[in-house]
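Numbering (our numbering), first residue to last: 12 to 170.
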């Protein structure tokens, strides 16, 4: 016997956009805020309550879950995944939003493709290498890579 699936549509619903934001569809954006001069690539999902700063670039296939704040002048590479559930009970915290944790990304942060970020805080002026898994707060500017992500070196000053 064949059954019909329940179909839900992706789209853009209840989003606050700053001036000159570029979005390449298809995307799934809902209940979030996107700062001015930011661009969002295709196949991106940004969930409710997320704030993306000004002049950011979010590349294709990235997933930004609830409780994430991203500062100004940030780059999110292809396929970056943010998480808010640490499976504290040994299983997903479905229906237990109080168990979710926030993520805060500072200004001038670049996150390489296919990185995964657990609920953390990252200070300004940080580069996260491709494929890195960020499991702890980053409080010192610099370049981080690996699984788990570790400090590699400082970023040379541009001044």
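Idealized CB from N, CA, C, for every residue including glycine.
Item: Selection from 16, 93, 126 and 65 that minimises the alpha carbon distance to residue 58; Value: 93
Item: Presumed contact (8 Å Cβ cut-off) between residue 119 and residue 96, rounded CB distance; Value: Not confirmed; about 28 Å, so no contact.
Item: Chain-order list of residues whose beta-carbon lies under 8 Å from that of residue 161 (same chain, five-residue window excluded); Value: 155
Item: Residue 109 (DSSP reduced to helix, strand or coil); Value: helix
Item: Status (buried if at least 16 other CB within 10 Å, exposed otherwise) for residue 107; Value: exposed
Item: Continuous beta strand (DSSP E) stretch holding residue 40: start and end; Value: 39 to 41
Item: Minimum Cβ-Cβ distance from residue 59 to chain D less than 8 Å; Value: Looking for chain D here will not work: only one protein chain is present.
Item: Rounded C-alpha distance that separates residue 46 from residue 87; Value: 14 Å
Item: Local conformation of residue 120 per DSSP, three classes; Value: strand
Item: Three-state secondary structure (DSSP) of residue 155; Value: strand
Item: Residues near residue 32 in its chain [Cβ-Cβ closer than 6 Å; skip 5 each side]; Value: 45 and 49
Item: Between the CA atoms of residue 112 and residue 64 - distance to the nearest angstrom; Value: 20 Å
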